[in-house]
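This report refers to the structure that appears directly beneath it.
Residue numbers (the working numbering): 87 to 477.
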């Protein structure tokens, strides 16, 4: 079957779309082939609207954004398929993650249940495209007592396990998460967790520094020009989240724009004030690398790391990657494109296409060891399409 995967991550950079052909009805006979992929960046007004909704949106704002995101996603899918001369009626499913605006893991200490909210109305997507939509992947895991994240590790273990040793699949998106995939036939279970921030803090600093003229630190140039504030770095690393054992997940509620705004205010930084911002970007870059490396030492060691395969936007930041390598000496890093066989920027879109396939066949798509769920469960909810595009 042909499936479209759509991902909009915590970096708020836009929509990633992939068209993938999936064969089989169970993991044992699963096979895959990428047919096409594309990215559609958010316009600045779209990104600002999503960011406002995450930080302070009321019910009316969230409801309006939910429907509008559904329209944006539907039109993006139709444009994507038309570009590749693919008819919508040849696509069986759309796996749409949606845009996370809130994610709170359960807290056993306070007996607080977890809650998650992804916007992007599946009814609108299904009606406009005519294609069945699988969405709301995280809620079922949370209903089973899990964190609703990370969900990609199940796909990592399905698609990228190897016979000759373990490997670590490191994603650096808005947040950073890792999946340790044991060797085929080892009998060991994967280990997976969110280590902390990925690009979210760095990107927020760049947007604030440039009044939205830039959305990320291209080539790591700002971090390279700055100096790490060791006192601030120490305070950032004194974070109880980093000390929590897996299963654990996090998001922009903890590592988002509000944190950077407070750090900037403490330093008297406004848009375009130069060296102070560069020092802050350098420090946040160092913190990101340090928190990722600490996660390996705390929660994966003494297991052998094998090789580390990095994907996500952070893989394109040479300063961040250099600091990560410095903190993990002797660990081989591999190009993700060589391992995946496709552009690694689309890995999460691929993952949610595969999770849509799993839902279709009634296959559980979570790893309880990674999410903390009581049991494996089928993820997502299905919204039937009309069979005819109405875009």
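Cβ coordinates follow ideal geometry from the N, Cα and C atoms, glycine included.
Small disclaimer: the values here were computed from a predicted structure and weren't measured.
Environment of residue i [buried if 16+ CB atoms lie within 10 Å]
i           : result
residue 142 : exposed
residue 213 : buried
residue 437 : buried
residue 365 : buried
residue 149 : exposed
residue 256 : buried
residue 197 : exposed
residue 182 : buried
residue 121 : exposed
residue 199 : exposed
residue 193 : exposed
residue 329 : exposed
residue 431 : buried
residue 94  : buried
Closest by C-alpha distance to residue i, when choosing among the options
i           : options            : result
residue 370 : 383, 398, 320, 396 : 320
residue 455 : 430, 116, 234      : 234
residue 185 : 247, 128, 254, 169 : 128
residue 271 : 87, 199, 252, 224  : 252
residue 229 : 208, 452, 387      : 452
residue 350 : 88, 338, 367       : 367
residue 327 : 114, 340, 254, 311 : 340
residue 273 : 249, 286, 291, 254 : 249
residue 227 : 476, 332, 461      : 461
residue 386 : 331, 119, 240      : 331
residue 221 : 380, 190, 180      : 180
residue 347 : 90, 294, 335       : 294
residue 464 : 446, 338, 177, 471 : 446
residue 158 : 170, 190, 100      : 100
residue 132 : 107, 360, 97, 441  : 97
residue 202 : 466, 168, 177, 472 : 466
Residues near residue i in its chain [Cβ-Cβ closer than 6 Å; skip 5 each side]
i           : result
residue 417 : 391, 394
residue 166 : 103, 124
residue 209 : 469
residue 297 : 357
residue 238 : 437
residue 420 : 393, 395
Coil, strand or helix - residue i by DSSP
i           : result
residue 221 : strand
residue 336 : coil
residue 177 : coil
residue 434 : helix
residue 186 : strand
residue 142 : helix
residue 420 : strand
residue 135 : helix
residue 301 : coil
residue 270 : coil
residue 130 : helix
residue 454 : helix
residue 428 : coil
residue 112 : coil
residue 235 : coil
residue 330 : coil
residue 153 : helix
residue 442 : helix
residue 473 : coil
For residue i, the first and last residue of its enclosing beta strand (DSSP E)
i           : result
residue 119 : 117–127
residue 280 : 277–283
residue 240 : No beta strand (DSSP E) holds residue 240; the alpha helix (DSSP H) holding it covers 238–246.
residue 91  : 88–94
residue 261 : 261–267
residue 205 : 201–205
residue 393 : 393–397
residue 255 : 253–258
residue 469 : 467–469
Residue range of the alpha helix (DSSP H) that includes residue i
i           : result
residue 100 : Here residue 100 belongs to no alpha helix (DSSP H); instead the beta strand (DSSP E) covers 100–109.
residue 367 : 361–381
residue 195 : From DSSP, residue 195 is part of no alpha helix (DSSP H); its letter is neither H nor E.
residue 208 : 208–215
residue 320 : 316–323
residue 407 : 404–413
residue 350 : 343–352
residue 309 : 307–311
residue 288 : 286–295
residue 355 : No alpha helix (DSSP H) contains residue 355, which DSSP labels as neither H nor E.
residue 250 : Looking at the DSSP string, residue 250 is not in any alpha helix (DSSP H), and its letter there is neither H nor E.
Proximal residues to residue i (C-beta, below 7 Å), its chain only, five neighbours per side dropped
i           : result
residue 474 : 216
residue 375 : 406, 409, 410, 413
residue 284 : 258, 259, 260, 261, 262, 374, 398, 400
residue 429 : 123, 423
residue 281 : 262, 263, 264, 377, 378, 381
Own chain residues within Cβ distance below 8 Å of residue i, not counting five before or after
i           : result
residue 139 : 147, 148, 151, 187, 205
residue 110 : 116, 117
Distance cut-off 8 Å: residue i Cβ against heavy atoms of the ligand ATP
i           : result
residue 255 : The ligand ATP is not part of this structure, which contains no ligands at all.
Residue i at chain B interface by Cβ criterion, 9 Å
i           : result
residue 277 : Given the protein chain composition of this structure (a single chain), no chain B is represented.
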